[in-house]
């Protein structure tokens, strides 16, 4: 039960962060397609990884019972997505140090408060580069999903070890019970025969 709660929580976090990532990158892919140009690798790689990871997260979340039974397989696939996201963020690493917002100083003016005096106010103007901001947000979400998929991989691996240990214990108990029952059944005719042979007859 505890595994189900933690697994579902981190899967939900993955879905929440992957949906905007896929949407932002789809915006860029669509723009390049309309211009009949090739999409850069740093956008295309992260877009493909995000789409596959989102599909995998939704599938394993809504088919939890099947996922818990194949916990080791889920752990391996999640670990592969960790490597895929690391590669995608490496391709987009140049955006990490980019300054997407520029603040400029406008005209200064005096603001009068009547008998309370005047105030010298400077106007500031902030402009944000939309392309830079969206790529930086996608990069941040990709880094977060590296951590999220690593956590779900560890959870699934631990759950798989516990399930396999439980299966081995159950198999041992069933085998021991079967052998004990076979020995009891093999001994019962002999015991009946011995009791019958030792019966005395009085005349």
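In our numbering, the protein residues as written are 6 to 208. Every residue gets a Cβ at the ideal spot worked out from N, C-alpha and C, and that includes glycine.
Residue i - DSSP class collapsed to helix/strand/coil
i, result
"residue 22", "helix"
"residue 158", "helix"
"residue 99", "helix"
"residue 132", "strand"
"residue 44", "coil"
"residue 174", "In this prediction, residue 174 scores a pLDDT of 44, lower than 50, which makes its location untrustworthy; no coordinate-derived value is stated."
"residue 62", "helix"
"residue 75", "coil"
"residue 55", "helix"
"residue 185", "Confidence is the limiting factor: at residue 185 the pLDDT is only 48, short of 50, which leaves the residue's position unreliable and the question unanswerable from this model."
"residue 8", "helix"
"residue 17", "helix"
"residue 168", "No answer about residue 168 holds up, because its pLDDT of 47 lies below 50 and its placement is not dependable."
Cβ-Cβ separation, residue j to residue i (assumed contact under 8 Å), whole Å
i, j, result
"residue 58", "residue 86", "5 Å"
"residue 10", "residue 63", "Contact doesn't hold; Cβ gap of about 18 Å is too wide."
"residue 5", "residue 105", "Outside the modelled stretch of the chain, which goes from 6 to 208, sits residue 5, for which no answer is possible."
"residue 46", "residue 96", "6 Å"
"residue 8", "residue 160", "6 Å"
"residue 65", "residue 81", "Wrong, their Cβ atoms sit about 12 Å apart, outside the cutoff."
Strand pairing of residue i, partner residues [DSSP]
i, result
"residue 107", "132"
C-beta atoms of residue i and residue j nearer than 8 Å
i, j, result
"residue 34", "residue 48", "yes"
"residue 131", "residue 108", "yes"
"residue 90", "residue 17", "no"
"residue 147", "residue 51", "yes"
"residue 101", "residue 67", "no"
"residue 76", "residue 164", "yes"
"residue 37", "residue 44", "yes"
"residue 30", "residue 55", "yes"
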